[in-house]
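Top line first, the protein sequences correspond to chains A and B.
Using our numbering, read the first sequence as starting at 1 and increasing by one per residue.
Using our numbering, read the second sequence as starting at 1001 and increasing by one per residue.
For every residue, glycine included, the Cβ atom is placed at its ideal position computed from N, Cα and C.
Note that the structure is predicted; figures quoted are calculated from it, not measured.
Protein chains: 2
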Amino acid sequence: MEKPPKPTEAELAILGVLWQRGPCTVRQVYDALNATKKTGYTTVLKFMQIMTEKGLVTRDEAPYAHVYQARLPQEQAQRTLVTDLLDRAFEGSMSGLVLQALSARRASPEELSEIRKILKNYDRGAK
Amino acid sequence: MEKPPKPTEAELAILGVLWQRGPCTVRQVYDALNATKKTGYTTVLKFMQIMTEKGLVTRDEAPYAHVYQARLPQEQAQRTLVTDLLDRAFEGSMSGLVLQALSARRASPEELSEIRKILKNYDRGAK
DNA sequence: CAGACTATACGAAGATATTCGTTGACTTAC
DNA sequence: GTAAGTCAACGAATATCTTCGTATAGTCTG
Chain A
1 MEKPPKPTEA ELAILGVLWQ RGPCTVRQVY DALNATKKTG YTTVLKFMQI MTEKGLVTRD
61 EAPYAHVYQA RLPQEQAQRT LVTDLLDRAF EGSMSGLVLQ ALSARRASPE ELSEIRKILK
121 NYDRGAK
Chain B
1001 MEKPPKPTEA ELAILGVLWQ RGPCTVRQVY DALNATKKTG YTTVLKFMQI MTEKGLVTRD
1061 EAPYAHVYQA RLPQEQAQRT LVTDLLDRAF EGSMSGLVLQ ALSARRASPE ELSEIRKILK
1121 NYDRGAK
């Protein structure tokens, strides 16, 4: 059970639907994606087949409509992606990442207090 | 002067060198990259030519060794990349991004206090 | 059961990203 | 000035990502 590769852009969009809605058929994912971006049904199907091969999703081969599920929880995939970006663009600087994120997009007071809470709890359980 | 596109992985590695060291010739970038990852000289050259076309770098066509420079400051490119990830993988949740970044990689006390300082100053000049 | 519908599989085309060999021009050291 | 080295330009091969048409088989409605 090795770690699946970093999802591509299109694959991540599909994973997003699976995380949001739980296990889905191709059609359900197709419908969800088409709410925002027009794509063909077989395009979505093809990706989900590829993602099965790559180990990004698992497939329940239910009769007449396979049901797919993200193999990793969203948080774990997010951690992979964010550390990847951290290394590729921020030379590993966590504060640089936070600074530019907050500079690029205004955070709501709720977000900010959420982040403060994360910081407050950060050392519990560590060390 | 339109905004250059999102750099690819290989392009970002080259930009990293240019941000770190300032204007460079192809050979200087080539040497810097080969410290960590083996690539051919012409591969690097080709990328830098492509990046010139895309507007990611500018080129001073000095005689017998063009000098390249990143067109955008590092911070601006970082902002583009981080908001891109925010939208593609975190549904725009800033706190989610920070949480997973901090969960994935232990931050030093210095980084943490730096982040606290960013938060403290965050609303100055805004509103 | 026949026609309409929905599903998977397959393959291929197009787009983009990555890598590098070769060529010809220029520079420098003898 | 000639040999050895360095450079940019170009084109091509390869890999990866994205998109979709077509074929085929199963399901459902009347």
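Glu61 (chain A) classed as buried or exposed, judged by whether at least 16 other C-beta atoms fall within 10 angstroms:
Exposed, by the Cβ-count rule.
Going by the CB atoms, is the gap between Ile1118 (chain B) and Leu102 (chain A) shorter than 8 Å?
yes
Would you call the CB atoms of Val57 (chain A) and Tyr68 (chain A) closer than 8 Å?
In contact: Val57 (chain A) and Tyr68 (chain A) (Cβ atoms closer than 8 Å).
By the 10 Å Cβ neighbour count, where 16 or more other Cβ atoms means buried, how is Gly96 (chain A) classified, buried or exposed?
Buried is the call here.
Would DSSP call Arg79 (chain A) helix, strand or coil?
helix
Neighbourhood of Ala32 (chain A) by C-beta distance below 8 Å, restricted to the same chain and skipping five residues each side:
Val17, Gln20, Arg21 and Cys24
Who are the near neighbours of Ala1010 (chain B) in its chain, counting only those whose CB is closer than 7 Å to its CB and skipping five residues on each side?
Phe1047
Helix or strand or just coil, what does DSSP make of Arg1059 (chain B)?
strand
8 Å Cβ cutoff, Met1094 (chain B) in contact with chain A:
yes
Between Glu75 (chain A) and the rest of its own chain, which residues show a CB-CB distance below 7 Å, the 5 nearest in sequence each way excluded?
none
Would you please state the rounded distance, in angstroms, between the beta carbons of Thr80 (chain A) and Lys6 (chain A)? I believe it to be under 8 Å.
7 Å
Could you confirm whether any beta carbon from chain B is found closer than 8 Å to the beta carbon of Glu53 (chain A)?
no
Sort B:Lys1038, B:Thr1043, B:Arg1059 and B:Gly1092 by Cα distance to Ser108 (chain A) and report the nearest one.
B:Gly1092
Using the beta-carbon of each residue, which ones in chain A are nearer than 9 Å to Thr1083 (chain B)?
Thr1083 (chain B) reaches chain A at Gln100, Ala101, Ala104 and Arg105, counting residues in chain order whose Cβ is nearer than 9 Å.
Compare the beta carbon distance of Tyr1094 (chain B) and Leu1085 (chain B) with 8 Å and say whether it is the shorter of the two.
One point to set straight first is that residue 1094 (chain B) is Met, not Tyr, in the sequence displayed. In this structure, Met1094 (chain B) sits away from Leu1085 (chain B), with a CB-CB distance that is not shorter than 8 Å.
Closest Cβ-Cβ distance between Ala1089 (chain B) and chain A: below 8 Å?
yes
Beta carbon of Ala89 (chain A) nearer than 8 Å to that of Gln1078 (chain B)
yes
Glu1075 (chain B): contacting residues in chain A (beta-carbon distance under 7 Å):
Per Cβ cutoff of 7 Å: Gln100.
Cα separation between Lys1127 (chain B) and Glu2 (chain A)?
Here Lys1127 (chain B) scores only 49 on pLDDT, less than 50, and its place in the model is too uncertain to base an answer on.
Collapsed DSSP secondary structure at Thr52 (chain A) in the structure displayed:
helix
Looking only at C-alpha atoms, which of A:Lys37, A:Thr43, A:Lys38 and A:Leu12 sits nearest to Val26 (chain A)?
A:Thr43
Using a C-beta to C-beta distance shorter than 8 Å, which residues of chain A count as neighbours of Tyr1041 (chain B)?
Those within 8 Å of Tyr1041 (chain B) in chain A number zero; the least Cβ separation is about 22 Å.
Identify the contact partners of Ile1014 (chain B) in chain A, using a Cβ-Cβ distance below 8 Å as the criterion.
Within chain A, no residue comes near Ile1014 (chain B); the closest Cβ sits about 12 Å away, beyond 8 Å.
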